[in-house]
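S.K.: Numbering (the working numbering), first residue to last: 8 to 410. We treat Cβ as the ideally placed atom computed from N, Cα and C, and that holds for glycine. As the structure is a computational prediction, the values presented were derived from the model and not from experiment.
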Amino acid sequence: MQQAFDADSGPAPSYAAGDADEDPEDWPPDLSDPRGLVVEHEETGAEEVVSTCKLYYLDATVRGEWTQIGGLGGVATPPEHRRKGYSRETLRGALAEYRENGVDLVALWPSTVRFYRGLGWGVANRKHRARVPPVQLGSVEGADPAGGDDGRFRQLDADDWERLRRVEVERAERFGLSLRRSEDWWRKRTLAAWPGDPGPYVYGYKVGGDLRGYVLTHVRDGGEGSDGSELKVQDLAGVDHDAERTLLGFLANYDSQVDSVLLDGPLASDLPELVPDPGELDVTESVGTMVRLTDVRRWLEGYDWPADLEDRFVLDVTDPLIDRNDDQFVVHLADGDAAVESAGGDLAGDAALGVGTLSRLAIGAIDVGRAERLCDLRVHDDGVRATLEAAFPHEPVYLREFF
């Protein structure tokens with residue numbers, strides 16, 4: 008993993024299979040289940056780890072409901088073992104384990120979109136980032152640097168994690184794939200100091216005794232071409248939009264210390280509409296997370312179909328990685344339930360698509376119209392199109408936490 012994600016530091020010492028406890032590194036914290044693909048060395052016959060990954064189990068919102076999803080991280084194969092299909096086998100094994108554990112949806116942060124898209128992942132959300140002079144934030148309507156008549160800003164710490172999570176959960180009502188982080192995650196990851204970086208400053212926005220929002224920040228160098236400093240916002244959350252705008256005003260209080268504030272997330276994409284001079288913003292957009300289903304049939308049977316839909320349709324799904332998903336499914340809908348069976352490719356399909364596009368429809372990242380226009384969804388029956396449109400409306404999706 009070190010060589011894959013931190014090439015400048017060179018490869019880490021080699022460890023034989025079974026020697027993981029001898030690794031001296033104590034980072035990252037133990038919040039995942041590490042897995043490795045082990046093969047027999049061509050010359051020595053000894054077992055050798057040739058590809059790795061980390062399996063996280065996360066509480067997240069999907070279509071407004073809390074559910075357990077997989078978070079796949081640390082997928083890495085060192086250069087001497089690449090171009091041999093080891094990463095593909097590692098991913099197949101990880102998805103099989105998630106499926107066996109009852110997890111239907113797996114998310115990851117892609118190192119390369121093309122590679123993961125080719126293996127059945129679909130883009131869940133775009134990541135927006137905005138760099139803005141702090142004085143601009145103080146001029147946003149509703150952004151009060153003093154917190155308003157009844158509000159106060161107070162420094163918090165890891166012992167306040169439950170209060171922070173209550174705000175996180177309220178924000179989750181607005182976005183799919185929002186996480187509900189555990190105590191260990193808050194203490195050991197979100198609020199901890201990462202190697203080479205300071206731990207975040209944590210401030211809460213309180214009205215009376217009620218925590219209405221929080222912001223996690225740290226100050227860093229402004230980067231290439233800048234002689235000043237920058238305030239990096241790790242996370243900003245409010246129970247509503249008013250609380251988040253108030254926190255934007257709080258960030259304006261750093262105007263004497265930093266030249267710019269760096270924000271990620273949906274709020275960053277909204278800033279051009281909020282600040283008085285959008286021309287002073289530097290806004291970029293990139294791919295965020297990707298998602299894919301582990302078991303199409305089980306997911307179709309368990310999906311929360313609208314109760315008023317009654318239909319029968321044949322869905323052709325292609326999956327380049329999991330054979331059980333690469334199939335033709337007959338779906339019978341009645342009273343909000345789905346009975347699903349395999350047709351084995353013997354029937355004329357009413358709709359066809361790849362598992363990546365289906366995964367995006369599953370979470371609301373894309374609607375049927377865009378899936379037909381931009382992706383590989385092909386619908387051959389107008390009645391089936393109406394059924395799919397009713398079942399899979401678009402909704403805001405944003406997974407913030409990196410893993």
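#1: How about residue 265 and residue 240: are their beta carbons less than 9 Å apart?
#2: Who pairs with residue 210 in a beta bridge, going by DSSP?
#3: Considering only the alpha carbon of each residue, which of 122, 379, 40 and 144 lies closest to residue 256?
#4: Would you check if the region 152-171 and the region 282-295 touch, i.e. whether three or more CB-CB distances between them fall below 8 Å?
#5: Indicate the three-state DSSP secondary structure (helix, strand or coil) for residue 309 in the structure shown.
#6: Using the Cβ count rule (16 or more neighbours within 10 Å means buried), how would you classify residue 139?
#7: Classify residue 45: buried if its beta carbon has 16 or more other beta carbons within 10 angstroms, exposed otherwise.
#8: Would you check if the region 147-163 and the region 302-311 touch, i.e. whether three or more CB-CB distances between them fall below 8 Å?
#9: How many whole angstroms separate the CB atoms of residue 85 and residue 61, which I take to be in contact at a CB cut-off of 8 Å?
#10: Let me know the secondary structure DSSP gives residue 407 once reduced to three states.
#11: Enumerate in chain order the residues of its own chain whose CB-to-CB distance from residue 39 is below 7 Å, with the five nearest sequence positions on each side excluded.
#12: For the beta strand (DSSP E) holding residue 58, just list the boundary residues, first then last.
#13: Nearest-angstrom Cα distance between residue 386 and residue 221?
#14: Pair every Cβ in the region 314-324 with every Cβ in the region 387-399, then say whether three or more of these pairs are closer than 8 Å.
#15: Got a sec? Which residues, its chain only, sit under 6 Å from residue 408 by beta carbon, not counting five neighbours each side?
#16: Pull up the distance between the alpha-carbon of residue 147 and that of residue 252, whole angstroms please.
#17: Express the C-alpha separation of residue 369 and residue 196 in angstroms, rounding to a whole number.
#18: Is the region 354-372 touching the region 123-130, taking contact as three or more C-beta pairs under 8 Å?
#19: Please name the residue, chosen from 74, 297 and 97, that lies closest to residue 311 on a Cα-to-Cα basis.
#20: Looking only at its own chain, which residues have a Cβ that is under 6 Å from the Cβ of residue 384, when we skip the five neighbours before and after it?
#21: Relative to the C-alpha of residue 398, which candidate in 229, 270 and 70 has its C-alpha closest?
#22: In angstroms, rounded to a whole number, what distance separates the CA positions of residue 68 and residue 182?
#23: Three-state secondary structure (DSSP) at residue 399?
M.R.: On the basis of the data shown:
#1: What you label residue 265 is simply residue 258 of the sequence shown in a count that begins at 1. What you label residue 240 is simply residue 233 of the sequence shown in a count that begins at 1. No, they are not a contact pair.
#2: In the sequence shown, counting from the first residue as 1, residue 210 sits at position 203. Bridge partners of residue 210: 162 and 222.
#3: Your numbering for residue 256 matches position 249 in the sequence shown. When 122, 379, 40 and 144 are compared, the shortest CA-CA separation from residue 256 is found for 144.
#4: Contact between the region 282-295 and the region 152-171 is not established, with fewer than three Cβ pairs separated by less than 8 Å.
#5: For the purposes of this step, residue 309 is taken as residue 302 along the sequence shown, with counting starting at 1. Here residue 309 carries a helix assignment [DSSP, helix/strand/coil].
#6: For this step, residue 139 is matched to residue 132 along the sequence shown. Here residue 139 is buried: its Cβ has 16 or more other Cβ atoms, across all protein chains shown, within 10 Å.
#7: The sequence position of residue 45 within the sequence shown is 38, counting from 1. Under a 10 Å Cβ-count criterion, residue 45 is classified as exposed, with fewer than 16 other Cβ atoms of the shown protein chains found around its own Cβ.
#8: No, the region 302-311 is not in contact with the region 147-163.
#9: Start at 1 with the first residue of the sequence shown, and residue 85 comes out as number 78. Start at 1 with the first residue of the sequence shown, and residue 61 comes out as number 54. Incorrect: roughly 16 Å between the Cβ atoms, too far for contact.
#10: As a working mapping, residue 407 is identified with position 400 in the sequence shown. Coil.
#11: Stepping through the sequence shown from its first residue, residue 39 is reached at position 32. Hits under 7 Å: 61, 62, 63 and 80.
#12: Here residue 58 corresponds to residue number 51 of the sequence shown, with the count starting at 1. Boundaries of the beta strand (DSSP E) harbouring residue 58: 54-69, taken from the DSSP string.
#13: Looking up residue 386 in the sequence shown gives position 379. Looking up residue 221 in the sequence shown gives position 214. Separation of residue 386 and residue 221 (C-alpha to C-alpha, rounded to the nearest whole angstrom) is 45 Å.
#14: Verdict: yes, contact present.
#15: Numbered from 1 along the sequence shown, position 401 holds the residue referred to as residue 408. Excluding residues within five positions, the ones whose Cβ falls inside 6 Å are 186.
#16: If you number the sequence shown from 1, residue 147 lands on position 140. If you number the sequence shown from 1, residue 252 lands on position 245. When the Cα atoms are used, residue 147 and residue 252 turn out to be separated by approximately 7 Å.
#17: Here residue 196 is taken as the residue at index 189 of the sequence shown, counted from 1. Here residue 369 is taken as the residue at index 362 of the sequence shown, counted from 1. Between the alpha carbons of residue 196 and residue 369 lies a gap of roughly 29 Å.
#18: The region 354-372 vs the region 123-130: in contact.
#19: For the purposes of this step, residue 311 is taken as residue 304 along the sequence shown, with counting starting at 1. Relative to residue 311, the option among 74, 297 and 97 whose CA is nearest is 74.
#20: Residue numbering aside, residue 384 sits at position 377 when the sequence shown is read from its first letter. Within its own chain, the residues whose Cβ lies closer than 6 Å to the Cβ of residue 384, once the five positions on either side in sequence are excluded, are 360, 364 and 378, listed in chain order.
#21: Start at 1 with the first residue of the sequence shown, and residue 398 comes out as number 391. Comparing Cα-Cα distances from residue 398 to each of 229, 270 and 70, the minimum goes to 70.
#22: By one-based count along the sequence shown, residue 68 stands at place 61. By one-based count along the sequence shown, residue 182 stands at place 175. Those two C-alpha atoms are separated by around 8 Å.
#23: As a first step, residue 399 must be located in the sequence shown, where it is residue number 392. Coil, per DSSP.
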